[in-house]
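A.B. asks:
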Amino acid sequence: MLAIVETCGKQYEIEEGRYIDVEFLGKDENETLELDKVVMIVAGSQSQIGQPYLEGATVKVTVLKNGKEKKVLVYKQRRKKGYRKKNGHRQQFSRIMIESI
Numbered sequence: 441m442l443a444i445v446e447t448c449g450k451q452y453e454i455e456e457g458r459y460i461d462v463e464f465l466g467k468d469e470n471e472t473l474e475l476d477k478v479v480m481i482v483a484g485s486q487s488q489i490g491q492p493y494l495e496g497a498t499v500k501v502t503v504l505k506n507g508k509e510k511k512v513l514v515y516k517q518r519r520k521k522g523y524r525k526k527n528g529h530r531q532q533f534s535r536i537m538i539e540s541i
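Counting from 441, one number per residue, gives the positions in the sequence shown under my numbering.
If you want it as structure tokens, here you go:
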């Protein structure tokens, strides 16, 4: 069974028993939650498409871990002026396991 869910303003294609990395959800590790913004469900040759979401469809997920991605460096420089600025950013993410659709 396959589904497309929306969380944190992005859509993800998910399958039962797999894990995905999504934007940080603000939940603790091993916490269970339900995602109710299900856009589409595909079961075999049948599919259901919501407008915009399917009513009564939920996806149960468990937060496996919260972490940070690799550092992205931002470098600014003004030519001939001696101005240099270097910043780094690490985006937070949550790894979730799809329990059931």
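Backbone N, C-alpha and C fix where the C-beta goes; we use that ideal spot for every residue, glycine too. Source: prediction; values computed, not measured.
Assign A497 to one of three DSSP states: helix, strand, or coil.
C.D. replies: Coil, per DSSP.
A.B. asks: What beta strand (DSSP E) runs, 3 residues minimum, are completely inside the region 444-501?
C.D. replies: You should have 450-455, 459-463, 472-475, 478-483, 486-489.
A.B. asks: How close, in whole Å, do the beta carbons of T498 and E474 come, if the pair is a contact with beta carbons under 8 Å?
C.D. replies: Indeed they touch by this definition, with Cβ atoms about 5 Å apart.
A.B. asks: Suppose you measure from the CA of Q491 to the CA of Y523; what does that come to, to the nearest Å?
C.D. replies: When rounded, the distance between both Cα atoms is 52 Å.
A.B. asks: Quick check on this structure: which residue in D461, I536, E509 has the alpha carbon closest to the alpha carbon of V501?
C.D. replies: Minimum Cα distance to V501 is reached at I536.
A.B. asks: Check for me: the beta strand (DSSP E) holding R524 runs from which residue to which?
C.D. replies: It spans 523-529 - the beta strand (DSSP E) in which R524 sits, taken as one unbroken run.
A.B. asks: Would you mind reading off the limits of the beta strand (DSSP E) that contains R519?
C.D. replies: Segment: none, R519 is in no beta strand (DSSP E) and carries neither H nor E.
A.B. asks: Starting from the C-beta of Y493, find all residues in its chain whose C-beta is less than 8 Å away, skip the five residues before and the five after it, and write them out in chain order.
C.D. replies: Excluding residues within five positions, the ones whose Cβ falls inside 8 Å are E446, D476, K477, V478, V479.
A.B. asks: Which word fits V512, buried or exposed, when buried means at least 16 other C-beta atoms lie within 10 angstroms of its C-beta?
C.D. replies: Its Cβ having fewer than 16 others within 10 Å, V512 is exposed.
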